Amino acid sequence: MNANRKAVVTDSGNGLGRTFANILLKNNYDVILAASQDSFNALAVETDDLHQYKLVKTDFTSNDSVSELRDTIISTFGHLDLLINNAEIANGFGQKIEQINIEDVKAVYDINVFAVMRVVKTLKPLLEKSNDARIINVTSALGDLTKMKDDSFCYSNYCMTAYASSKAALNMYTHLQCKEFSPSKISIKTFDPVALKNCTHNSVKICNDVKDEFIALIKHKA
Numbered sequence: 025m026n027a028n029r030k031a032v033v034t035d036s037g038n039g040l041g042r043t044f045a046n047i048l049l050k051n052n053y054d055v056i057l058a059a060s061q062d063s064f065n066a067l068a069v070e071t072d073d074l075h076q077y078k079l080v081k082t083d084f085t086s087n088d089s090v091s092e093l094r095d096t097i098i099s100t101f102g103h104l105d106l107l108i109n110n111a112e113i114a115n116g117f118g119q120k121i122e123q124i125n126i127e128d129v130k131a132v133y134d135i136n137v138f139a140v141m142r143v144v145k146t147l148k149p150l151l152e153k154s155n156d157a158r159i160i161n162v163t164s165a166l167g168d169l170t171k172m173k174d175d176s177f178c179y180s181n182y183c184m185t186a187y188a189s190s191k192a193a194l195n196m197y198t199h200l201q202c203k204e205f206s207p208s209k210i211s212i213k214t215f216d217p218v219a220l221k222n223c224t225h226n227s228v229k230i231c232n233d234v235k236d237e238f239i240a241l242i243k244h245k246a
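Just so you know, we're using our numbering here: the sequence shown kicks off at 25 and counts up by one.
So this is what it looks like as structure tokens:
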């Protein structure tokens, strides 16, 4: 019998989904990488390590599509030990209030907040079948109000209203969900994988110290 733990990672193009999946593969996890359209298309042509995880096209804004993801998890794994909500989008870099398009803001919230709620709600029954179930919501320091008020903080002058406020909402949702899950076997935490020196406007990568922090979060307690 395969003793590996079972994980799902979501991705919508920030470049981290594949990184998380490959770290999990090296740490005794079987992995489904659920990717939205553009991300799925990009990942589908990758070759390095691709066939070690199962790639599934998922529209995180659709109840039906997320339900199809749940059915794929059931048929592939039967249950779920780890859910990493990594899917996110960012737009409006540097925009002031008069430049903001409300529809763009809604699009960010649809993926960064509402999709996380949808995925957690849909996959919760599969996590409840695990003796050590974990949810990791990938966040950003831009959503940390205390840090953003500190002028010495490297991101404090970033003006990304939609993205930053969506991550702040995600942080509060995770906090409230943690309280709700506390009597159960499900734990839920946030994780910020990006430091300024590892990030450009178009790409992000995980440095070794952050990778170690992530591995500590996913390590199974036998």
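In this text, a Cβ means the ideal position worked out from N, Cα and C, and glycines have one as well. This one's a predicted model, so the numbers in the text were calculated from it and none came from an experiment.
Next on the checklist: Only counting the same chain, and skipping five residues up and downstream in sequence, which positions put a Cβ closer than 6 Å to that of Gln-76?
Outcome noted: Position 52 of the sequence shown, counted from the start, is the residue given in the question as residue 76. Cβ neighbours of Gln-76 beyond the five flanking positions: Leu-49.
Checklist entry - Whose C-beta lies closer than 6 Å to the C-beta of Phe-205 among residues of the same chain, with five residues either side of it excluded? => result Counted from its first residue, the sequence shown places residue 205 at position 181. Result list for Phe-205: Ile-212, in chain order.
Item to check | C-beta contact flag for Phe-117 and Met-172 at 8 Å | outcome: Here residue 117 is taken as the residue at index 93 of the sequence shown, counted from 1. Here residue 172 is taken as the residue at index 148 of the sequence shown, counted from 1. In this structure, the beta-carbon distance from Phe-117 to Met-172 does not fall below 8 Å.
Checklist entry - Can you pull the DSSP bridge partners for Ile-97? => result Counted from its first residue, the sequence shown places residue 97 at position 73. Note: Ile-97 sits in no beta bridge, so no partner.
Item to check | Contained beta strand (DSSP E) runs [length at least 3] in the stretch 153-178, N- to C-terminal order | outcome: Complete beta strand (DSSP E) runs here, min 3: 157-162.
Next on the checklist: Given the structure, does Asn-46 come close to the ligand GTP, in the sense that its CB is under 7 Å from one of the ligand's heavy atoms?
Outcome noted: In the structure shown, the ligand GTP is absent, as is every other ligand, since no ligand is present at all.
Next on the checklist: Tell me the DSSP secondary structure of Val-205 in three-state form.
Outcome noted: Locating residue 205 in the sequence shown gives position 181, counting from the first residue. Note that residue 205 is Phe in the sequence shown here, rather than Val. Three-state DSSP puts Phe-205 in a helix.
Checklist entry - What number of angstroms, rounded off, separates the C-alpha of Phe-202 from the C-alpha of Leu-194? => result Locating residue 202 in the sequence shown gives position 178, where the first residue counts as 1. Locating residue 194 in the sequence shown gives position 170, where the first residue counts as 1. Sequence check: residue 202 is Cys here, not Phe. In a straight line, the C-alpha of Cys-202 is about 12 Å away from that of Leu-194.
Checklist entry - Hey, Ala-157 and Ile-135: beta-carbon distance below 8 Å or not? => result As a first step, residue 157 is located in the sequence shown; it is residue number 133 there, counting from the start. As a first step, residue 135 is located in the sequence shown; it is residue number 111 there, counting from the start. Not in contact: Ala-157 and Ile-135 (Cβ atoms no closer than 8 Å).
Next on the checklist: According to DSSP, simplified to helix, strand and coil, what is Lys-30?
Outcome noted: Working through the sequence shown from its first residue, we reach residue 30 at position 6. Looking at Lys-30 - three-state DSSP - the assignment turns out to be strand.
Item to check | Segments of 3+ residues assigned as beta strand (DSSP E) that fall wholly inside the stretch 77-150 | outcome: Counting whole runs of 3 or more residues, the stretch 77-150 contains the beta strand (DSSP E) stretches 78-81 and 106-109.
Checklist entry - Where Val-233 and Ile-239 are concerned, what is the direct C-alpha to C-alpha distance, given to the nearest angstrom? => result For this step, residue 233 is matched to residue 209 along the sequence shown. For this step, residue 239 is matched to residue 215 along the sequence shown. It is worth fixing the name first, because residue 233 is Asp in this sequence and not Val. The alpha-carbon atoms of Asp-233 and Ile-239 are separated by roughly 10 Å.
Item to check | Euclidean distance between Cα positions of Thr-198 and Thr-214 | outcome: On the sequence shown, position 174 is the one that residue 198 refers to. On the sequence shown, position 190 is the one that residue 214 refers to. If I take the Cα positions, the gap works out to 7 Å.
Next on the checklist: Could you tell me the alpha carbon to alpha carbon distance between Arg-142 and Phe-84, rounded to whole angstroms?
Outcome noted: For the purposes of this step, residue 142 is identified with residue 118 of the sequence shown, where counting begins at 1. For the purposes of this step, residue 84 is identified with residue 60 of the sequence shown, where counting begins at 1. Each residue's alpha carbon lies about 8 Å from the other.
Checklist entry - Ile-108 and Lys-78 look like a contact to me (Cβ under 8 Å); what is the Cβ gap, rounded to whole Å? => result Here residue 108 corresponds to residue number 84 of the sequence shown, with the count starting at 1. Here residue 78 corresponds to residue number 54 of the sequence shown, with the count starting at 1. That belief does not hold up - the Cβ atoms of Ile-108 and Lys-78 are roughly 15 Å apart, past 8 Å.
Next on the checklist: If you follow the beta strand (DSSP E) that Ser-60 is in, where does it begin and where does it stop?
Outcome noted: Indexing the sequence shown from 1 puts residue 60 at position 36. That residue, Ser-60, is in no beta strand (DSSP E); it is neither H nor E in DSSP.
Next on the checklist: Going by DSSP in three states, Ala-193 sits in which element: helix, strand or coil?
Outcome noted: Taking the sequence shown and counting its residues from 1, one reaches residue 193 at position 169. Reduced to three states, the DSSP call for Ala-193 is helix.
Next on the checklist: Spatial neighbours of Lys-153 within its chain, please: C-beta separation below 6 Å, excluding the five flanking residues on both sides.
Outcome noted: Here residue 153 refers to the residue found at position 129 when the sequence shown is read from its first residue. His-103.
Item to check | Residue nearest to Ala-27 in terms of C-alpha spacing, selected from Phe-101, Ile-97 and Ser-63 | outcome: On the sequence shown, position 3 is the one that residue 27 refers to. It is Phe-101.
Checklist entry - What do you reckon, are the CB atoms on Leu-150 and Lys-191 nearer than 8 Å? => result Within the sequence shown, residue 150 is the residue found at index 126, counting from 1. Within the sequence shown, residue 191 is the residue found at index 167, counting from 1. Note that the C-beta distance between Leu-150 and Lys-191 is not below 8 Å.
Next on the checklist: Per the DSSP calculation, Ser-211 is bridged to which residue(s)?
Outcome noted: The count along the sequence shown starts at 1 and reaches residue 211 at position 187. Ser-211 pairs with Arg-158.
Item to check | Those residues which DSSP pairs with Asp-35 across a bridge | outcome: Counting from one through the sequence shown, the residue named residue 35 turns up at place 11. DSSP lists Ala-59 as the bridge partner or partners of Asp-35.
Checklist entry - In whole angstroms, what is the alpha-carbon distance linking Asp-174 and Ser-180? => result Within the sequence shown, residue 174 is the residue found at index 150, counting from 1. Within the sequence shown, residue 180 is the residue found at index 156, counting from 1. Approximately 7 Å, taken between the alpha carbons.
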